[in-house]
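First the structure, in the form of structure tokens, and then the observations on it.
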Amino acid sequence: MDQHLHVFITVAERQNFSRAAEALHMTQPAVSQYIRTFEDNIGVRLLERTNKYVRLNKAGEIVYHHAKEIVSLYTRMQNLVDDLTNKASGSLSIGASYTFGEYVLPHIIAKMQQTYPEVQPTVTIGNTAEIADAVIRHQLDVGIVEGHFKKEQQLKIEPFAEDDMVIVAAPDHPLAARNDNVAMEELEDETWILREFGSGTREAADSVFQRHNMSPDKIMNIGSTQPIKEAVKAGLGISLLSQWAIQEELQHGDLQIVEVTGLPYRRRFSILTTSPFQTKALQVFIDLLRYNKELTAFKSDREY
1 MDQHLHVFIT VAERQNFSRA AEALHMTQPA VSQYIRTFED NIGVRLLERT
51 NKYVRLNKAG EIVYHHAKEI VSLYTRMQNL VDDLTNKASG SLSIGASYTF
101 GEYVLPHIIA KMQQTYPEVQ PTVTIGNTAE IADAVIRHQL DVGIVEGHFK
151 KEQQLKIEPF AEDDMVIVAA PDHPLAARND NVAMEELEDE TWILREFGSG
201 TREAADSVFQ RHNMSPDKIM NIGSTQPIKE AVKAGLGISL LSQWAIQEEL
251 QHGDLQIVEV TGLPYRRRFS ILTTSPFQTK ALQVFIDLLR YNKELTAFKS
301 DREY
């Protein structure tokens with residue numbers, strides 16, 4: 001990879017020539033010379049310099065954004081070439097939406113590390129749109145997302161797993177004592193504790209409401225799943241959550257599934273990639289996703 005590009009990225013991220021020089025094991029004058037030459041080659045100043053900081057200007061932001069893509073593509077190219085003679089190894093950048101990333105992905109990575117310890121995974125957790133965009137921009141090798149999103153031409157989308165969404169309540173909630181199935185319409189006046197708009201879990205809840213012509217008035221929005229579970233356990237309301245996310249609480253009796261007619265709501269998870277060429281590290285990871293029995297073991301069978 002071009003050294004000028006590497007130096008520029010380091011300076012932009014460290015926002016300081018001295019810190020960049022230390023990270024690069026270079027002298028500060030050498031770093032400054034690299035930046036001057038790089039700016040001359042680009043034909044425009046890329047960094048705003050003061051005594052206190054170094055910051056990207058508008059042109060610098062454009063160059064930095066594309067420089068990161070170039071570095072990612074170069075690394076992938078090098079890994080593909082290395083793979084011709086070597087076993088699965090090297091870096092693997094994985095992105096996942098919150099439910100899968102927090103509750104399932106750690107188990108998949110642990111299994112991969114047992115068999116392929118030389119693979120070096122890094123994980124980014126975000127919402128579906130963020131992960132898809134990062135895959136498109138080559139900042140991630142692979143993404144795992146749920147729900148619906150705008151399909152981009154560059155993306156290869158492979159459905160690989162299904163997730164059941166169920167309604168949960170505290171064990172002492174009146175709904176938990178019901179011996180019969182609850183009609184969805186009976187839940188309209190309940191307090192619903194839900195993820196924020198834009199999340200796949202919230203999209204599922206809104207889809208359930210639309211399917212049953214419901215418009216609950218009492219909704220509490222919380223930005224992550226764990227505090228939602230704590231709020232439900234505390235008796236603040238009910239929620240629609242992934243069966244992957246509630247296994248521990250069900251086993252310990254902290255939450256209970258409310259049997260509702262027409263549920264569970266099933267959503268699909270997909271693998272996102274772009275390049276037709278895959279490193280061995282990416283191949284073994286995707287194979288683990290495709291054929292891992294743990295994914296089906298998570299399925300809700302009501303035998304908790």
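Letter 147 of the sequence shown, counting from 1, is numbered 147 in UniProt numbering, and no numbers are missing. All C-beta atoms, glycine included, are put in the ideal place defined by N, C-alpha and C.
- For the pair Gly95 and Ile257, the Cα-to-Cα distance works out to about 29 Å.
- Secondary structure note for Lys218: it is in no beta strand (DSSP E), with a DSSP letter that is neither H nor E.
- The closest CA to that of Thr201, considering only Ser239, Gln210, Arg55, is found on Ser239.
- The residues Ile108, Lys111, Met112, in chain order, have a CB closer than 8 Å to that of Leu288 in the same chain once the five nearest residues on each side in sequence are set aside.
- With 16 or more other Cβ atoms from the protein chains shown falling within 10 Å of its own Cβ, Met165 counts as buried.
- Straight-line measurement puts the Cα of Leu255 at about 10 Å from the Cα of Ala234.
- Rounded to the nearest whole angstrom, the C-alpha separation of Val232 and Gly223 is 14 Å.
- For Phe38, no beta strand (DSSP E) encloses it; the enclosing alpha helix (DSSP H) starts and ends at 28 to 42.
- Its Cα nearest to that of Asn181, the residue Gly262 stands out among Pro216, Gly262, Ala169.
- Looking at the backbone, the Cα of Glu39 and that of Ala169 are separated by about 60 Å.
- Here the stretch 120 to 128 does not lie against the stretch 51 to 62, with fewer than 3 beta-carbon pairs under 8 Å apart.
- Pairing Glu146 with Arg266 gives a Cβ-Cβ distance that is not under 8 Å.
- Just so you know, the alpha carbons of Ile193 and Arg178 end up roughly 20 Å apart.
- DSSP assignment within the stretch 61 to 148 yields the following whole beta strand (DSSP E) runs of 3 residues or more, N-terminal first: 90 to 96, 119 to 125, 142 to 146.
- CA-CA distance, Tyr64 to Ala12, rounds to 8 Å.
- A distance below 6 Å between beta-carbons, with the five flanking residues on each side excluded, links Tyr34 to the following residues of its chain, in chain order: His4, Val7.
- Straight through space, the alpha carbons of Lys229 and Glu162 are spaced by roughly 21 Å.
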